[in-house]
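These notes concern the structure reproduced below.
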Amino acid sequence: MSQEMEREEGDGSSDLNPNSNPTPNPCPICLGFITQDAYLDRCFHRYCYQCIVRWTEVLSSRSSSFRKPTSVKCPLCKTENFSIIYGYDGSTFHRHFISQNNRNSTFFTNAHKYRLQCYYTEPGLLNDAFNVARYWKTRKYLQPNIWFEKWLRRELQALIQEEDVDVIMHHIHGVIESFLRRRDPKGSAYTPQQNQEEFKAIVADAARPFLMARTERFVVEVELFLASGFTVEAYDDAYKRCLGWQKPKEVSEDEEITSSEHEPVTPYLHFFDDDSEQVDWTEDNIDV
1 MSQEMEREEG DGSSDLNPNS NPTPNPCPIC LGFITQDAYL DRCFHRYCYQ CIVRWTEVLS
61 SRSSSFRKPT SVKCPLCKTE NFSIIYGYDG STFHRHFISQ NNRNSTFFTN AHKYRLQCYY
121 TEPGLLNDAF NVARYWKTRK YLQPNIWFEK WLRRELQALI QEEDVDVIMH HIHGVIESFL
181 RRRDPKGSAY TPQQNQEEFK AIVADAARPF LMARTERFVV EVELFLASGF TVEAYDDAYK
241 RCLGWQKPKE VSEDEEITSS EHEPVTPYLH FFDDDSEQVD WTEDNIDV
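Quick note on numbering: the sequence shown equals residues 1 to 288 in full-length UniProt numbering.
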């Protein structure tokens, strides 16, 4: 009886309490209604999408380590999570990876941005400039390229937008080295076209799990660099000249003002947003 009375008193007091109806299941960060459902991928605690994205960005910016974090602990349960799931419509959803917060980290230089820009040009424009056909016809591929590993690491960093790509790099590099070791320096068991097609196929198979839609273009870029025989720096200069671009470099304000007075401008890709492959064009100088 006393318990029933206590329950009745409790129920009555809650009716008189103006704060008795708080927001049901509020966002744990802003404590308001959840405006766009977002879930952490391991613990599935729910937040406003913008709230949890800002939370992860703040934590990433405060990280004292050189390598920015690729995971974040849930503010509620401290479970380690690697992405934010949002935009679920019953059959599909979007995912924001914590590593996406690191695009402006110190390892991602202008040179990385320039390489990303190259993937938005027409493929095949530079084949003649670097004489890819001659590369296969004269068996130039039998000559080792000591700069390839350096170029490959930067290329993968630019495409994946992560600093630590060593495992992927060594995997792709090993596949290419294995292919080259199997080629007979003297014999002509394969035509240049057969060698080229086999090379492109094995590199594509090695890279596709990591690069997905960019795989075919990546194979083209690998072929171009190897055919050039250049150092990374010389290759960048030549590539830029062929496309009418200026190689990214650090200049003082006076130098920038002086050059802009004499050089025309051309649309120039800068970066992408988180959720699409669309580009943001800005102006940059080119050589004349």
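Note that CB positions come from ideal geometry on N, CA and C, so glycine has one too.
Rounded C-alpha distance that separates G10 from M212: Residue placement at G10 cannot be trusted, given a pLDDT of 45 that sits under 50; the coordinates are not used to answer.
Which of helix, strand or coil DSSP assigns to E197: helix
C-alpha gap between L76 and Y120, whole angstroms: 41 Å
Three-way DSSP call (helix, strand, coil) for S260 in this model: Bear in mind that the predicted position of S260 carries a pLDDT of just 36, short of 50, making it unreliable; the figure below should be weighed with that in mind. Three-state DSSP puts S260 in a helix.
Y235 - DSSP class collapsed to helix/strand/coil: helix
Proximal residues to N81 (C-beta, below 8 Å), its chain only, five neighbours per side dropped: L40, D41, R42, C43, S71, V72, K73, C74 and I98
Chain-order list of residues whose beta-carbon lies under 8 Å from that of V165 (same chain, five-residue window excluded): R153, L156 and Q157
Per-residue burial, Y141 [other beta carbons within 10 Å of its own, 16 or more giving buried]: buried
Nearest neighbour of R241, chosen from G229, L125, F218 and L159 [CA to CA]: L125
Boundaries (first-last residue) of the beta strand (DSSP E) holding I84: S83 to Y86
Residue closest to W136, alpha-carbon to alpha-carbon, out of L59, C51 and Q194: Q194
N127 versus N25: straight-line alpha-carbon distance, rounded: 58 Å
Length-filtered (4 minimum) alpha helix (DSSP H) runs lying within the stretch 105–175: 110–118, 132–137 and 148–160
Beta-bridge partners of E80, as assigned by DSSP: K73
Own chain, CB closer than 7 Å to V220, minus 5 neighbours either side, in chain order: P123
Cβ distance (whole Å) where A38 is taken to contact C48 below 8 Å: 7 Å
Distance, E223 Cα to R182 Cα: 18 Å
Cβ neighbours of H173 in the same chain (closer than 7 Å, five flanking residues each side left out): E149 and L152
Endpoints, alpha helix (DSSP H) assigned at A227: T215 to S228
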